[in-house]
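2 protein chains.
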Amino acid sequence: MSHYQKLVEHSLKISRFEHLGSICGWDQTAVMPSGGNEARSEAMAELSVHLHQLGNAPQLAEWFDKAESESLSDNEQASLREMKLKWQQSTALPEALVQAQSLAGSKCEHAWRTQRGENDWEGFSKNFAEVVALSQEEAQIRANISGLTPYDAMLDLYEPGTTTAKLDVVFNDVKTWLPTLIQNIQEKQSTESIYLPDGHYPTEQQRQLSVDVMKFLNFDFNHGRLDVSMHPFCGGVPTDVRITTRYDENDFVQSLMGTVHETGHARYEQGLPKEFAGLAVGQARSMGIHESQSLFFEMQLGRSAKFISQLSPLVQKNFVNADQKIFKTDNLQKIYTRVNPDFIRVDADEATYPAHVILRYEIERDLMNGKIGYKDIPELWDAKMQQYLGLTTKGNYKNGCMQDIHWTDGSFGYFPSYTLGAMYAAQFMAAIKQTVDVEKATLSGDLSLIFTWLSDNIWSKASLFSTDDLVKQATGDVLNASFFKAHLEKRYLG
Amino acid sequence: MSHYQKLVEHSLKISRFEHLGSICGWDQTAVMPSGGNEARSEAMAELSVHLHQLGNAPQLAEWFDKAESESLSDNEQASLREMKLKWQQSTALPEALVQAQSLAGSKCEHAWRTQRGENDWEGFSKNFAEVVALSQEEAQIRANISGLTPYDAMLDLYEPGTTTAKLDVVFNDVKTWLPTLIQNIQEKQSTESIYLPDGHYPTEQQRQLSVDVMKFLNFDFNHGRLDVSMHPFCGGVPTDVRITTRYDENDFVQSLMGTVHETGHARYEQGLPKEFAGLAVGQARSMGIHESQSLFFEMQLGRSAKFISQLSPLVQKNFVNADQKIFKTDNLQKIYTRVNPDFIRVDADEATYPAHVILRYEIERDLMNGKIGYKDIPELWDAKMQQYLGLTTKGNYKNGCMQDIHWTDGSFGYFPSYTLGAMYAAQFMAAIKQTVDVEKATLSGDLSLIFTWLSDNIWSKASLFSTDDLVKQATGDVLNASFFKAHLEKRYLG
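Respectively, the protein sequence lines represent chains A and B.
When we follow my numbering, the leftmost residue of the first sequence carries the number 15, and every step to the right adds one.
When we follow my numbering, the leftmost residue of the second sequence carries the number 15, and every step to the right adds one.
Here you go:
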């Protein structure tokens with residue numbers, strides 16, 4: 015057996031254990047009774063140890079070495095490249111640091127769950143200081159290995175190939191036009207009349223509506239499920255994708271569009287190439303490309319006027335006893351395109367969302383590169399919120415720098431993926447429109463031409479190419495944020 | 015660390031992987047979409063290999079050796095004994111035999127799923143011959159190690175300590191009175207008038223009824239769930255017990271009592287001692303004792319007149335739109351104590367069930383001990399069915415010797431557990447009645463005195479004692495089938 019083949023076998027073995035972890039993780043979040051948590055957490059921790067051992071098996075260094083001089087096809091070379099990147103990233107850190115991070119992250123996140131409600135920055139920052147210090151250590155180690163800056167080395171975990179140099183250009187440009195755009199949209203919308211949900215929308219009917227929409231979006235129920243969890247997510251494995259949502263019986267709006275969003279993630283997973291199942295090269299390209307699919311479904315497709323005209327009868331059908339004027343296409347469209355600067359990122363609309371991300375990006379970049387300390391965060395947060403969205407968070411930690419879970423366990427470098435995703439989604443839609451009449455397809459109720467484009471250009475390509483090459487092959491250009499800007503202008507001011 | 019402690023740590027590690035397997039196994043049966051099956055099966059097979067490696071780790075022989083001369087408490091000695099038994103059983107067979115059995119069993123079971131419907135004994139026996147030969151080989155190897163007869167060595171896997179010598183005495187006695195008892199019951203019941211379910215019983219209402227009954231039986235929903243599967247089972251882990259049922263919208267009867275049965279299994283699991291969690295000594299004593307708990311719930315408690323009088327209002331409450339005369343205590347009781355000799359074991363009533371088991375016991379005993387061959391089975395089956403239940407299965411393989419899944423993958427030695435369970439259940443009830451007024455407790459709606467007895471005497475004892483000692487401590491006697499006989503006579507002829 016060639017060394018490349020040995021690496022493949024080893025990767026498949028790892029992926030089978032990851033499969034068990036994915037399903038048990040879904041179970042833990044979506045269906046497990048709370049009394050099962052302690053034993054489950056122990057079982058999951060045991061699995062983590064095992065996966066760590068497999069990922070760091072001593073023979074791998076030699077296998078990678080030898081595999082690189084073996085005769086491999088293009089796809090095999092890509093597969094080897096991705097396996098090696100994953101291996102390098104997972105073996106980069108000393109075990110003691112990984113354990114210290116796990117402990118500090120758990121402690122900080124656990125305490126944060128109550129501290130946030132109590133607006134307790136003082137208490138939070140005691141734990142957070144440790145998390146930041148350990149993440150800075152991690153970033154420095156990864157920087158030493160990769161030759162990147164510390165923050166870029168962290169970015170590489172989520173967005174391989176993306177750098178601060180690229181992001182600064184893109185985000186600085188956004189900052190020049192976004193605040194004005196938001197003001198103009200608000201002005202335009204200020205005279206709109208809108209009917210907000212005010213009825214009772216039973217869970218079972220919301221669930222049926224979600225299923226109807228997922229079917230419209232060609233979600234493959236033979237390879238996936240819809241369930242309920244506190245925080246919606248997309249989990250499971252590509253042959254069995256588990257998405258979740260949550261239902262508020264006073265308001266169907268968020269849940270419905272949340273389902274559209276998660277269905278985008280799910281179809282990417284369901285559409286990954288079977289021939290590379292279980293291998294790094296067969297996985298989603300990056301967090302940003304993953305988010306581009308959920309945001310393509312939610313923002314490019316889901317909140318478009320034509321899509322909402324298809325949604326409207328489904329909503330009416332499922333809530334026959336509720337006030338029907340809320341469900342009219344025109345009103346639903348107003349609901350789903352309402353722009354309103356506010357404190358909370360996860361509740362933000364399409365137009366203000368990038369401001370939340372750029373703010374976080376700038377802070378975590380300077381934090382990882384050692385230009386600021388964690389104590390500087392609240393003041394910077396307040397200043398940037400004022401600058402980008404005209405809101406102050408002075409003294410308001412819980413709706414300011416303590417609102418997100420990401421930093422509590424040291425996931426620095428993740429935030430840019432959200433806005434990269436929005437930008438890629440707009441760029442993909444522009445490319446699709448060159449060959450597909452998207453509005454006509456949407457009105458016909460048959461979206462298959464759109465999905466075929468996504469499958470051919472994104473899903474089936476998995477991690478065969480770098481993000482830049484993937485996007486260039488699909489659209490003729492690397493990341494170009496002008497499509498996103500044009501999209502916002504057309505939808506909100508056009 | 016002592017060698018005993020090393021064994022404990024190793025067992026806990028194994029049990030954490032088994033935990034993942036239990037949950038993913040539940041998922042596979044209860045919620046997984048069928049398209050997920052191939053990848054799941056691969057993941058489960060990978061886990062099996064890993065568990066096999068852990069269970070056969072080379073250092074264990076030395077650890078067991080040294081642990082036996084360490085100073086251990088009584089509980090620790092019991093724990094060591096159970097760990098060692100499990101280890102000996104799992105290491106007894108050469109790997110090649112285990113693999114051959116796995117292949118032959120899968121092949122035979124898979125083909126059986128269609129061959130049974132086609133009544134194709136000819137086709138079935140081609141695969142079955144191999145399964146039998148391999149099981150005979152297994153039985154001989156286990157016999158050589160344990161000094162038992164081949165069949166007793168197989169029995170030991172499910173009912174440690176139980177032997178053919180004991181079973182022959184008990185079952186031969188049953189055969190002297192059971193056929194007459196069944197005739198007398200049928201005669202008595204022949205003049206009864208009975209209203210059978212003839213309405214529409216929606217799944218959601220049946221589910222609510224199941225939950226109501228589980229609450230009445232003190233099922234701990236903080237440590238378990240009720241779901242749906244084709245074949246009801248009790249799975250999961252003690253801190254998170256997953257039971258399933260299935261709903262027939264034309265008939266609530268089977269599902270309801272099936273839930274009572276699985277709740278008995280579940281409460282045993284939920285009641286196992288926390289201090290021995292993850293260790294062999296902390297597991298259920300045997301298949302027979304497990305079945306004694308489900309049958310205690312279903313037969314001793316569930317089908318008693320007083321319990322049914324409590325069930326009746328719950329049924330009425332959940333099916334307000336259906337014909338109420340069916341739900342009257344008197345009628346429900348007739349439904350749940352109807353005796354009718356028939357071909358199929360899983361559908362058999364309480365009185366005829368032992369005949370099905372004894373028939374299988376006698377055949378598998380002689381088969382494993384080499385006294386008969388697999389070709390003799392159809393004729394023996396027919397003769398014994400005529401003798402015990404007055405029915406012929408000549409040429410009727412699908413409702414005869416091809417009806418059960420057990421033998422298709424070589425699970426010889428399991429069948430006696432069902433009737434041992436029924437006998438233990440009757441013996442436990444007789445013992446409980448010496449200190450608890452069971453009828454009064456049932457009528458009061460508070461069954462806690464009964465459950466306290468079961469918890470104190472059975473659940474909390476796990477595998478600390480041999481089955482004989484457990485039963486003797488609980489009831490003052492080892493297995494005594496006269497309680498079962500007396501129970502049947504009282505319920506059906508009293």
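Where a beta carbon is used, it is the ideal one built from N, C-alpha and C, also for glycine.
For the region 74-118 of chain A, which segments carrying the alpha helix (DSSP H) assignment without a break, of at least 4 residues, lie completely within its bounds, in sequence order?
74-81 and 88-105
Could you check the C-alpha separation between F333 of chain A and Q222 of chain B for me, to the nearest Å?
24 Å
What is the rounded straight-line gap between the Cα of H279 of chain A and the Cα of Y172 of chain A?
H279 of chain A and Y172 of chain A: Cα-Cα distance of roughly 16 Å.
Start and end residues, beta strand (DSSP E) containing I391 of chain B
Where I391 of chain B is concerned, there is no enclosing beta strand (DSSP E), although the alpha helix (DSSP H) it sits in stretches over I391 to L403.
So, using beta-carbon positions, are S25 of chain B and E84 of chain B closer together than 7 Å?
No.
Can you tell me whether R374 of chain B is helix, strand or coil according to DSSP?
helix
Residues near V371 of chain B by beta carbon distance below 6 Å, same chain, minus five either side
F429, Y432 and T433
Own chain residues within Cβ distance below 6 Å of A153 of chain A, not counting five before or after:
P164, A167, M168 and M382
Counted within 10 angstroms of its Cβ, other Cβ atoms place E376 of chain A as buried (16 or more) or exposed:
buried
Measuring only the C-alpha atoms, how far is Q441 of chain A from E82 of chain A?
35 Å
Let's test the definition: count the other Cβ atoms within 10 Å of the Cβ of H33 of chain A and tell me whether it reaches 16, buried, or not, exposed.
Only buried fits H33 of chain A, as 16 or more other CB atoms lie within 10 angstroms of its CB.
Closer than 7 Å to chain A by CB, G50 of chain B
yes
D41 of chain A versus chain B: which residues are under 8 Å apart at the beta carbon?
Residues of chain B with a Cβ closer than 8 Å to the Cβ of D41 of chain A are, in chain order, I37 and D41.
Answer yes or no: does any C-beta atom of chain B fall closer than 7 Å to that of D265 of chain A?
no
Report the option in A:N186, A:D262 and A:N335 whose CA atom is closest to the CA atom of V242 of chain A.
A:D262
With C248 of chain A as the anchor, note down where its alpha helix (DSSP H) starts and where it stops.
First-last for C248 of chain A: C248 to V251, but that is the beta strand (DSSP E), not the alpha helix (DSSP H).
Three-state secondary structure (DSSP) of R256 of chain B
strand
Would W395 of chain B pass as a contact of T407 of chain B if the rule is Cβ separation under 7 Å?
yes
Less than 7 Å between the C-beta atoms of S510 of chain A and Q297 of chain A, yes or no?
Lying before the first or after the last residue shown, residue 510 of chain A is absent from chain A, which here runs from 15 to 508.
Along chain B, in chain order, which residues have C-beta atoms closer than 9 Å to that of R379 of chain A?
Per Cβ cutoff of 9 Å: no residues; R379 of chain A is ~38 Å from chain B at best.
CA nearest to the CA of A439 of chain A, picked from A:G387, A:K389 and A:E305:
Of A:G387, A:K389 and A:E305, the residue nearest in Cα terms is A:E305.
Can you tell me whether DSSP reads L65 of chain A as helix, strand or coil?
helix
For a cutoff of 7 Å on Cβ pairs, would you count L597 of chain B as touching chain A?
This structure cannot settle anything about residue 597 of chain B, because the visible part of chain B is limited to 15 through 508.
Quick one: does D226 of chain B have its CB under 7 Å from some CB of chain A?
no
Tell me whether D187 of chain A sits in a helix, a strand or coil according to DSSP, three-state version.
D187 of chain A falls in the helix class under three-state DSSP.
Alpha carbon to alpha carbon, what distance is there between T253 of chain A and F321 of chain A?
28 Å
Buried or exposed (CB count within 10 angstroms, at least 16 for buried), E132 of chain A
exposed
Touch test, the region 312-328 of chain B against the region 190-201 of chain B, Cβ-Cβ under 8 Å, three pairs minimum:
When Cβ pairs closer than 8 Å are counted between the two stretches, the region 312-328 of chain B is seen not to touch the region 190-201 of chain B, the count staying below three.
Taking the beta strand (DSSP E) that R239 of chain B belongs to, which residues open and close that run?
G238 to V242
If we call anything under 7 Å between Cβ atoms a contact, is V329 of chain A one with F311 of chain A?
no
Quick one: residues in its chain with C-beta nearer than 7 Å to the C-beta of V295 of chain B, no 5 flanking neighbours on either side, listed in chain order?
A92, S93, E96, A476, S477 and L478
For D170 of chain B, which residues does DSSP report across the bridge?
None; D170 of chain B has no bridge partner.
Can I358 of chain A and Q417 of chain A be called in contact, C-beta distance under 7 Å?
yes
Could you tell me the alpha carbon to alpha carbon distance between I257 of chain B and P72 of chain B, rounded to whole angstroms?
36 Å
Any idea if P108 of chain A is buried or exposed, counting beta-carbon neighbours within 10 angstroms, 16 or more meaning buried?
exposed
Measuring straight from C-alpha to C-alpha, what distance separates L21 of chain B and L293 of chain A?
A straight line joining the alpha-carbon of L21 of chain B with that of L293 of chain A spans about 35 Å.
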